[in-house]
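Structure record follows, encoded as structure tokens.
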Amino acid sequence: MVGTIEEGSNGSRMASVAVVVVTYNRLPLLKRCLAAIAAQTRAPDFVFVIDNASTDGTGEALLEWMPGNLTGGEVVRLAENIGGAGGFSEGLRVALGRGAEWVWMMDDDAEPHADALAELMAVATEPFNVYGSLAVNGQDTSWLMTVVGPPAFTTGEAGAVPAEAEVQMLPFLGFMIHRNLVGKIGLPDPGFFIAADDVEYCARVKKRGAKIIVAGRSRIEHPKSRPYEIKLPGFALTGLELPPWKRYYDTRNRLLIARRHYGMKFFTQTIPGSLVRMAATLVKEPQKYRQLKAFVAGFVDGLLGRTGKRHEAWGIKW
């Protein structure tokens with residue numbers, strides 16, 4: 174049952190785990206996510222649903238649904254939509270404030286397999302590393318997974334990911350972190366609003382010398398991303414199909430991360446790479462004018478270091 178602390182086989186207390194789920198206007202998906210959490214073979218000790226000021230009746234519906242389906246779950250309703258980045262930052266703050274040792278974070282369109290938390294906790298042994306479940310879509314990974322190795326490789330096949338492996342980064346989708354490491358690197362940056370907040374957080378993790386570990390047997394069902402490859406002579410990048418308002422944040426936040434963490438690569442790699450992505454977007458995607466406007470807006474704000482929810486300030490619609 175949620176809200177209890179279990180005992181290990183040797184009678185020692187098991188580390189407490191909080192689940193943080195961030196949601197906005199996706200109640201049917203959220204209910205499936207929470208039902209999957211309630212069915213875990215290793216029950217979490219806390220479940221916090223961070224409601225990003227939903228306008229579809231999510232808060233009211235959960236008050237009715239949760240008591241009979243997720244005992245001990247709690248809804249934290251925010252006064253305004255502060256995006257996934259703000260939601261995860263607030264959720265992590267709340268969970269640690271309630272005494273959780275480990276925090277397992279995910280979006281509302283995640284469906285953890287029944288043994289996902291048990292398999293993850295079997296791997297999560299070092300408080301100063303980050304651990305994560307593997308996001309899958311059937312037999313595929315939900316996005317390409319880069320294993321650091323040795324041997325190093327990138328794969329889209331779920332079965333090719335080891336039970337435990339160091340990886341380049343993990344998204345906030347089954348991402349698990351210990352309170353001790355949060356004490357060293359701080360909370361996720363809410364200024365990103367959406368997109369790449371997890372990339373920036375992983376950059377901080379690695380700067381502290383910590384490893385990022387995927388637990389290949391801990392699986393979460395999640396829709397696949399829609400990447401495409403951009404190839405030039407001696408140069409390859411991965412682009413993503415995105416609506417214009419998300420294009421703004423993808424463009425801006427890549428630049429913000431490079432400004433903070435990549436030194437001269439900001440000029441030699443990130444800016445040129447952004448221009449290549451813009452060109453590919455204009456070739457491959459519809460709504461070309463809106464895509465171009467979103468890219469230019471994100472590029473300007475990224476160069477100037479502007480953060481927060483800003484797509485509407487540029488007249489870019491949801």
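Going by our numbering, the first residue of the sequence shown is number 174, and it counts up by one from there. The beta-carbon is built from N, C-alpha and C at its ideal position, and this holds for glycine as well. As the structure is a prediction and not an experimental result, all values here were calculated from the model.
State the DSSP-derived secondary structure class of residue i, mapped to helix, strand or coil.
| i | result |
| --- | --- |
| residue 212 | coil |
| residue 422 | helix |
| residue 310 | strand |
| residue 316 | strand |
| residue 267 | helix |
| residue 390 | strand |
| residue 276 | strand |
| residue 404 | strand |
| residue 430 | helix |
| residue 230 | coil |
| residue 182 | Annotation note: pLDDT 37 at residue 182 (below 50); position unreliable, no value reported. |
| residue 385 | strand |
| residue 369 | coil |
For residue i, count the other beta carbons within 10 Å of its own beta carbon; 16 or more makes it buried, fewer makes it exposed. Which is it?
| i | result |
| --- | --- |
| residue 176 | Caution applies to residue 176, whose pLDDT of 44 falls short of 50 and renders its modelled position unreliable; the model cannot decide the point. |
| residue 324 | exposed |
| residue 423 | buried |
| residue 440 | exposed |
| residue 491 | exposed |
| residue 383 | buried |
| residue 218 | buried |
| residue 451 | buried |
| residue 373 | buried |
| residue 285 | buried |
| residue 437 | exposed |
| residue 388 | buried |
| residue 326 | exposed |
Looking at residue j and residue i, is the spacing between their C-beta atoms short of 9 Å?
| i | j | result |
| --- | --- | --- |
| residue 426 | residue 354 | no |
| residue 281 | residue 392 | no |
| residue 335 | residue 320 | yes |
| residue 308 | residue 434 | no |
| residue 289 | residue 275 | no |
| residue 266 | residue 343 | no |
| residue 221 | residue 257 | no |
| residue 203 | residue 231 | yes |
| residue 191 | residue 283 | no |
| residue 487 | residue 466 | yes |
Mind checking which residues open and close the alpha helix (DSSP H) that includes residue i?
| i | result |
| --- | --- |
| residue 437 | Neither: residue 437 is in no alpha helix (DSSP H) and is coded neither H nor E. |
| residue 224 | Note, residue 224: premise wrong, no alpha helix (DSSP H); beta strand (DSSP E) at 219-224. |
| residue 475 | 461-477 |
| residue 444 | 444-457 |
| residue 296 | 289-296 |
Between which two residues does the beta strand (DSSP E) holding residue i run?
| i | result |
| --- | --- |
| residue 327 | 326-330 |
| residue 488 | From DSSP, residue 488 is part of no beta strand (DSSP E); its letter is neither H nor E. |
| residue 247 | 246-250 |
| residue 350 | 348-351 |
Using 8 Å for Cβ pairs, my map puts residue i next to residue j. What's the rounded Cβ distance?
| i | j | result |
| --- | --- | --- |
| residue 375 | residue 385 | 6 Å |
| residue 313 | residue 345 | Contact flag wrong, Cβ pair sits at about 20 Å. |
| residue 443 | residue 428 | 6 Å |
| residue 223 | residue 264 | 4 Å |
| residue 226 | residue 207 | With a Cβ gap of about 19 Å, residue 226 and residue 207 do not count as contacting. |
| residue 378 | residue 278 | That belief does not hold up - the Cβ atoms of residue 378 and residue 278 are roughly 13 Å apart, past 8 Å. |
Taking Cβ positions only, does residue i come closer than 9 Å to chain C?
| i | result |
| --- | --- |
| residue 269 | Reference to chain C is not applicable here, since this structure consists of a single protein chain. |
Please indicate yes or no: does the CB of residue i lie closer than 8 Å to some heavy atom of the ligand SAH?
| i | result |
| --- | --- |
| residue 210 | By its list of ligands, the structure shown contains no ligand whatsoever, and the ligand SAH lies outside what it can speak to. |
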